[in-house]
Amino acid sequence: MSATVCVIIPAHNAAATIGDSVRSALAQPELAELLVVDDASTDDTSECARAAAGGDARLTVLRQNSNIGPAAARNLAIAASRAPILAILDADDYLLPGRFAALLAQSDWDMIADNIVFVPESRADLIAPDELPSASDGPLSGLGLAEFAIGNLPRRGVSRGELGFLKPLISRTFIEKYALGYDPALRLGEDFDLYVRMLAAGARFKVSARVGYAARVRANSLSGQHRTHDLGGFLAAARAHLALPGLEPQARSALETHARSLRNRYLLSAFLERKRADGFGAAIQFALAPPQNFMPIARGVLRDKIRVVIKPKVVERRYLLPVG
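Take 370 as the starting number for the sequence shown in our numbering and just add one per residue.
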């Protein structure tokens, strides 16, 4: 199979992990280009990426003098590359052997993703293929806009269970045809936003339960640790999705549900920010103006306190999608 894939790694202060990311991408025979966008790191991210490549000419490092954010970094790499298939790889993560071969063997798609295995960051070695479920692909499933939007609602007791974590291969032809790209204003939810706009434009999104992507998981974060400004930007994008042309009723309803859920997260974050800055009294005033804000905020605070008391069990590995 010819080399047709461009892997894009947006990176900021990722010196500790980017070597694994780079090596895993270069080990894929289908790789044509590997672009690392060093987004104004203050550590040795660029040097570590080059060292891991060992002189492989497929690697290009795009070093930024000021931080432009993950969405703009993706766009920069897309514009600087030529390969017909695009793949995003987070600088903490790595690809599993045979990933691209398995996905590229499939046909009739504009986006195609596989399962993700989540491993704790405390694990020093890379996960081995024999630790994973059978590599048998099984039937591909098609993912529509309504199902994708609902699949991004938080699930109780499940961290990182949203379908927006999927890392599909993306057809350059499709995004160029519809003039689509990442929204540079977003620093949260940039992948979800692009996938929604692609699906609304008619993209065929296929998903395999085969595990091909490994994501390192840091210690669980509470809702207040997302910047309120970033959540506000994500919420604005979610509301803009409701104005996309040609939405079917089921898709519109699912997007409305997702936007409401995101609004609740935003309200909780704003409440916690107000409490830190101005005290509890000012935060309560915010929660009661208007009064209908109070219940989503109260539920969010309770949920966070329960998570502190009942800490989730650290598991050796977990999967985004069900495995056989």
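All residues carry an ideal CB built from backbone N, CA and C; glycine is no exception.
In this structure Phe-649 is exposed. Its beta-carbon is surrounded by fewer than 16 other beta-carbon atoms within 10 angstroms.
Of the other Cβ atoms in all chains shown, fewer than 16 fall within 10 Å of the Cβ of Ile-675; this residue is therefore exposed. Counting other Cβ atoms within 10 Å of its Cβ, Ala-612 stays below 16 and is therefore classed as exposed. Under DSSP, Gly-650 shares a beta bridge with no residue. Judged by DSSP in its simplified three-state form, Ala-482 adopts strand.
When DSSP states are grouped into helix, strand and coil, Tyr-582 belongs to the strand group. For Tyr-463, the secondary structure class from DSSP, reduced to helix, strand or coil, is strand.
Straight across, the Cα-Cα distance linking Ala-383 with Asn-662 is about 38 Å. For Ala-401, the secondary structure class from DSSP, reduced to helix, strand or coil, is strand. Segment contact: the segment 484–491 against the segment 408–425, fewer than three CB-CB distances shorter than 8 Å; contact not assigned.
In the DSSP assignment, Tyr-688 forms a beta bridge with Val-486. Measuring C-alpha to C-alpha distances from Pro-537 to each of His-627, Tyr-564 and Ile-666 identifies Tyr-564 as the nearest. Looking at the DSSP output, Ala-456 shares a beta bridge with Val-376 and Leu-538.
Looking at the DSSP output, Gly-511 shares a beta bridge with Lys-575. Judged by DSSP secondary structure, Thr-429 falls within the beta strand (DSSP E) whose first and last residues are 428–433.
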